[in-house]
Amino acid sequence: MTTEGRTGQSKPRVAVLFGGRSSEHAVSCVTAAGVMGAIDKDKYDVIPIGIAKTGQWVLASAETNEWSLSASSLPEVAPSAQTVALAEIGGEHQLIVASPNTVPEELGAVDVVFPLLHGPFGEDGTIQGLLELSDTRYVGAGVLASAVGMDKHFMKVVFEAAGLHVGPYIAVTDRQWRNDPETVRKRVDQLGFPVFVKPARAGSSMGISKVDSIEGLDAAIETAREHDPKLVIEAGITGREIECAVLEGRGTDAPRTSMPGEISVAGGGHEFYDFNAKYVDDAAALSCPADLPEEAITRVRELAAVAFDAVGGEGLSRVDFFYTPDGELIINEINTMPGFTPKSMYPQMWKASGLGYAELIDELIHLALHRKTGLR
Ligand SMILES: Nc1ncnc2c1ncn2[C@@H]1O[C@H](COP(=O)(O)OP(=O)(O)O)[C@@H](O)[C@H]1O
Ligand SMILES: [Mg+2]
């Protein structure tokens, strides 16, 4: 394969992977609709591949309005009698379609996979590992960066080692909680209320509760444990939510950072930026660029690049901070596959920085086509 596509082929073929096994399945479908609607079809051949909640890969509809989000019906990839798989055939990475008792059919070669998947089994290094094993190029972070970016505990360990300011927190494993809940309660009490109880490896605010006193703690822990046996419990931080988009540099260039944006949750009974505020009620206001002093803008952008490099980021990431009333920037998290609909913060921040949605998609595919699999 050449870096610009297979020999003799003018258009690189891009397999867009979406849906998936995580609780962010629907969000991923909405993202795919946005990307498939904007991708330059004169330049790329697009193959939509849905992953059902069972994990099955299926050929999906390219009809973008099938994948929109509303409170009454969340989009979902339906399982099918036909399964899609990635296989090396004749030295090329081919997609094949197989159904019971039939000879598998070749769908043709793939130059690059765009994994628009959020959460476990998508944004956590597992899909990335599969693509590495099959030697298929893909957009975004590799195995380790994806895994670290998914795990709110190890993410903090890495950030602290890189000198970034992380808020007070404890990690709680399944064993600790089941063996000695009283010690966990004591350690939480030492953090001081309110605390945020989170599944270590989820996203889109799934399973997160704000807890104001010790009485609410056990219930919040059980809620979070529905998503992940490992938890992170953090002291509540008072501050504005400021985010920055990072895009890998070309060649040996440093990562590029956008103008920072700000999220504010406006009313609607949302105590914080929870799932409904994010996706259902549209209660969150995104402002970009964020109204910050010049000096803070510079700092946000520098720290976002430090965070990206700290996890070994590639392709893209959104780095989220709390900007405290005394001007400190506390890092909340990095998302290696941030929300990516045209309305999402990541594309909006690039738009405000002079890079439109279609050009952004094009740049991400360009970076992926030029990045080898394996050690790099
Ligand atoms: N320590 C904290 N202090 C104050 N607010 C928090 C804290 N942690 C999370 N939040 C609120 O909860 C939201 C979701 O938490 P976050 O860790 O970003 O999870 P997710 O990965 O699901 O986006 C944040 O955007 C913020 O509004
Ligand atoms: Mg977040």
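In our numbering, the protein residues as written are 6 to 381.
Using N, Cα and C, we set each Cβ at its ideal position, and we do this for glycine too.
Just grab the DSSP bridge partners of residue i for me.
i	result
W62	I56
F119	V21
T399	As displayed, the chain neither begins before 6 nor continues past 381, which places residue 399 out of reach and without an answer.
T88	A103
G113	L100
E71	Paired residue(s): none; E71 is not in a bridge.
E93	H98
I44	DSSP lists no partner for I44.
E248	G266 and D325
V285	Answer is none; V285 lacks a bridge partner.
D156	Looking at the DSSP assignment, D156 forms no beta bridge with any residue, so it has no partner.
Give the DSSP-derived three-state secondary structure of residue i in the structure shown.
i	result
R190	helix
G359	coil
R376	coil
H371	helix
C34	helix
S151	helix
A290	strand
V144	coil
G39	helix
R261	strand
I366	helix
V82	coil
E128	coil
L100	strand
E253	coil
T243	coil
T8	Low confidence applies here, because T8 scores a pLDDT of 44, under 50, leaving its location unreliable; read the following figure in that light. It is coil, neither helix nor strand.
G134	helix
V108	coil
E267	strand
E231	coil
E29	coil
E165	helix
P347	coil
Near residue i, which residues of its chain fall below 7 Å by C-beta distance, leaving aside the five closest residues on each side in sequence?
i	result
T7	Reliability of the predicted coordinates at T7 is poor, the pLDDT of 43 falling under 50, and no value is obtained from them.
G55	F23, G24, V63, A65 and V82
V270	F277, Y278, A282, A288 and A289
L369	V144, G320 and L321
L291	G266, I268, M350 and Q353
A90	W62, I101 and A103
E338	K157, M160 and D325
Are there any heavy atoms of ligand 2 lying less than 7 Å away from the beta-carbon of residue i, as far as the coordinates show?
i	result
E276	no
E338	yes
D47	no
D325	yes
Please return the same chain residues whose Cβ sits closer than 8 Å to the Cβ of residue i, not counting the five positions on each side in sequence.
i	result
T188	Q181
V32	L74, H123, S209, Y284 and G344
F280	S209, S210 and M211
With respect to 7 Å, is the separation between the Cβ of residue i and the closest non-hydrogen atom of ligand 1 below this value?
i	result
F201	yes
E333	no
G154	no
A207	yes
A240	yes
M354	no
S210	yes
G172	yes
I213	yes
E231	no
E246	yes
Can you find the residues in the same chain that come closer than 6 Å, C-beta to C-beta, to residue i, ignoring five residues on each side of it along the sequence?
i	result
P234	D179
D140	T378
A295	I247, P265, G266 and E267
T59	P84
A309	C249, V251, T262 and V324
R376	none
E97	A114
A20	I52, I54, V115 and V118
E9	Low confidence applies here, because E9 scores a pLDDT of 47, under 50, leaving its location unreliable and the question unanswered by this model.
Kindly examine ligand 4 and report whether one of its heavy atoms sits closer than 7 Å to the Cβ of residue i.
i	result
E239	Questions concerning ligand 4 fall outside what the structure shown contains, since the ligands it does hold are ligand 1 and ligand 2.
**Report entry** Start-end ranges of the beta strand (DSSP E) lying completely within the region 308-340, minimum 3 residues
**Finding:** 321-328 and 334-340
Original post:
What runs of the alpha helix (DSSP H), each 4 residues or longer, lie entirely inside the region 174-226?
Top reply: 179-184 and 186-196
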